[in-house]
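Participant: Quick one: the structure is below, and I'll ask about it shortly.
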Amino acid sequence: MEKTIDDIDFEKSGGLVPVIVQDANTKDVLTLAYTNKESLELAKKSGNSWFWSRSRNKLWMKGEESGNTQKIKEILVDCDSDAIIYLVEPSGPACHLGDKVCFHNNLK
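In numbering that gives the first Met the number 0, the protein residues as written are 0 to 107.
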């Protein structure tokens, strides 16, 4: 089933929906971020990972500062239309600390 941006339920969670970013080739989960309607439209149009930064309160494209961009290969929407997966080809580490993935810490 295909969905459009207008099908996404941004209002359920205050205008933002979570985006799981996954490597299209290895299937590694790279990070979790958030998108609003505008950043999702930018991602769809540009083919690059765009998000809404909750800490900086602004739009941002992954790699705009580091150069570690993520080329979107496919966008998947869950059955409730309130969560998204970007399947991407990363050009470098996903984590701002330089690690391949952001999920590199064990909970004790």
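Backbone N, C-alpha and C define an ideal beta-carbon position, used for all residues, glycine too.
#1: With a 10 Å radius around its C-beta and 16 neighbouring C-beta atoms as the bar for buried, classify K61 as buried or exposed.
#2: Within the continuous alpha helix (DSSP H) that includes A42, where are the two ends?
#3: How is K2 classed by DSSP in three states: helix, strand or coil?
#4: Are T34 and V18 closer than 9 Å when you measure CB to CB?
#5: If contacts are defined as beta-carbon pairs under 8 Å, then I7 and L41 qualify, I think. What distance do you get, rounded to the angstrom?
#6: Just to confirm my understanding: we take V100, look at its own chain, exclude 5 residues before and 5 after, and list those with CB closer than 6 Å. What are they?
#7: The beta strand (DSSP E) spanning S52 covers which residue range?
#8: For D22 and G91, what's the separation of their Cα atoms in angstroms?
#9: Is E88 helix, strand or coil by DSSP?
Facilitator: Inspection of the coordinates gives the following:
#1: buried
#2: K36 to S45
#3: DSSP places K2 in coil when its eight states are reduced to three.
#4: yes
#5: That pair is no contact at about 14 Å.
#6: D27, L29 and A93
#7: W49 to S52
#8: 11 Å
#9: strand
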